[in-house]
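This note's numbering numbers the first residue of the sequence shown as 29 and each following residue consecutively. Where a beta carbon is used, it is the ideal one built from N, C-alpha and C, also for glycine. Small disclaimer: the values here were computed from a predicted structure and weren't measured. For reference, the structure is listed below as structure tokens.
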Amino acid sequence: MKLYMHPVATTCRPVRLFIAESGISVEERLVDILAGAQFAKSYADINPNALLPLLEDGDLRLTESSAILKYLADKIGSPAYPRDLKERAKVNEMMDWINTNFYRDFGYGLCYPQLFPHLKRRSDEAQAATLEFGRDQSKRWLGILDSHWLNSTKHFLCGYQITIADYFGACLVSLGHAIKVDFATYPNVKRWLDNVAKLPNWAKVNEAFFGLVDSVSGQSFVSIPLAAAPASQQPRVVRCDAPDDARRTEVSLTLLGRDRPRARSSGTPKSHRSRQCRSIAQDRFV
Ligand SMILES: N[C@@H](CCC(=O)N[C@@H](CS)C(=O)NCC(=O)O)C(=O)O
29 MKLYMHPVAT TCRPVRLFIA ESGISVEERL VDILAGAQFA KSYADINPNA
79 LLPLLEDGDL RLTESSAILK YLADKIGSPA YPRDLKERAK VNEMMDWINT
129 NFYRDFGYGL CYPQLFPHLK RRSDEAQAAT LEFGRDQSKR WLGILDSHWL
179 NSTKHFLCGY QITIADYFGA CLVSLGHAIK VDFATYPNVK RWLDNVAKLP
229 NWAKVNEAFF GLVDSVSGQS FVSIPLAAAP ASQQPRVVRC DAPDDARRTE
279 VSLTLLGRDR PRARSSGTPK SHRSRQCRSI AQDRFV
């Protein structure tokens, strides 16, 4: 079998981790996504999505990290993908939830636009709006992960045994380290990540990813919770014109420790206030 991959890639890490833990023999082909090699004709010819990973097993070409994990687990009869119908349904449910709800907003709405130049939005305003929406949605999903899918007693996503949902989920959620997500805000998520990180091959498989995390550690990111603004910028008092009645409204803005800027006003309708404040605050999200 051949795996087209890059070691920092979020969706390659769970596959490589499962391969390493299960002792599966796979030849790896590096596709340098940091240099845009996923768009090269040689790769796009075999995977027009221009995304990683891709697994080749004889005449089978398989994309989608979740499908690859399931295929590999079935191929070796791994207990990490239970055969019991209901247990398996719960693993599938978890993987679909992570892949769609969580990863869409967290990966493509919050992390990647800040990490990959080609996924950054074309204007500062569009970038700020994307990140604000991605951050708010990600907070919602992380809260649900913490209190619903996990809870204070579960070791892993589907109970007390590790499954491929944990391989998948822990690698996707840990992407947050790159933008300095503080997982202490989500104690069950943190405990679960620590449990998965006890896998013998976790450190080795994630070495390149944590190298990337180190290399961007000096940068500031829109994150969860929102990073403190530099002292020179907090708190700031600005004056806004209310569009409807031209009354002047004093608005005290600070992003520190808040999800969104709040307005104190004597006369401006709430909808106008929040719109004004959001547009003023956007330049400070990035
Ligand atoms: N649904 C796909 C998503 C794959 C994906 O997002 N791959 C990223 C890994 S970082 C990628 O190749 N990104 C390159 C790009 O966006 O150009 C899967 O789960 O395999």
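Between which residues of its own chain and residue i is the CB-CB distance below 6 angstroms, once the five residues before and five after are set aside?
i: residue 162; result: 133, 137 and 138
i: residue 223; result: 183
i: residue 121; result: none
i: residue 110; result: 116
For residue i, is the beta carbon positioned less than 6 angstroms from some heavy atom of ligand 1?
i: residue 92; result: yes
i: residue 48; result: no
i: residue 37; result: yes
i: residue 61; result: yes
i: residue 66; result: yes
i: residue 79; result: yes
Residue i lies in the beta strand (DSSP E); which residues open and close that run?
i: residue 85; result: 82-85
i: residue 92; result: Neither: residue 92 is in no beta strand (DSSP E) and is coded neither H nor E.
i: residue 57; result: 55-58
i: residue 31; result: 30-33
Go to residue i, then tell me how far its alpha helix (DSSP H) extends in each direction, as first and last residue.
i: residue 123; result: 113-125
i: residue 232; result: 230-233
i: residue 192; result: 192-201
i: residue 132; result: That residue, residue 132, is in no alpha helix (DSSP H); it is neither H nor E in DSSP.
i: residue 143; result: 140-143
i: residue 36; result: No alpha helix (DSSP H) holds residue 36; DSSP gives it neither H nor E.
i: residue 216; result: 215-224
i: residue 161; result: 152-172
i: residue 72; result: 69-72
Just tell me which of the options has its CA closest to the CA of residue i.
i: residue 82; options: 115, 50, 101 and 39; result: 39
i: residue 202; options: 105, 117, 170 and 164; result: 170
i: residue 36; options: 112, 236 and 244; result: 236
i: residue 177; options: 215, 152, 160 and 158; result: 215
i: residue 76; options: 91, 62, 155 and 63; result: 91
i: residue 54; options: 61, 187 and 104; result: 104
i: residue 130; options: 152, 153, 168 and 145; result: 168
i: residue 173; options: 152, 74, 123 and 189; result: 123
Look at residue i and residue j and say whether their C-beta atoms are less than 7 angstroms apart.
i: residue 196; j: residue 96; result: no
i: residue 209; j: residue 251; result: yes
i: residue 353; j: residue 241; result: Here the chain comprises residues numbered 29 to 314, so residue 353 is not present and cannot be evaluated.
i: residue 193; j: residue 119; result: yes
i: residue 249; j: residue 142; result: yes
i: residue 102; j: residue 29; result: no
i: residue 158; j: residue 149; result: yes
i: residue 72; j: residue 78; result: yes
i: residue 65; j: residue 191; result: no
i: residue 59; j: residue 80; result: yes
Who are the near neighbours of residue i in its chain, counting only those whose CB is closer than 7 angstroms to its CB and skipping five residues on each side?
i: residue 140; result: 147
i: residue 56; result: 31 and 33
i: residue 106; result: 50
i: residue 42; result: 93, 97, 195, 196 and 199
i: residue 155; result: 141, 148, 149 and 314
i: residue 113; result: none
Excluding the five sequence neighbours on either side, which residues of its own chain have a C-beta within less than 8 angstroms of the C-beta of residue i, listed in chain order?
i: residue 230; result: 45 and 224
i: residue 175; result: 216
i: residue 135; result: 38, 200 and 203
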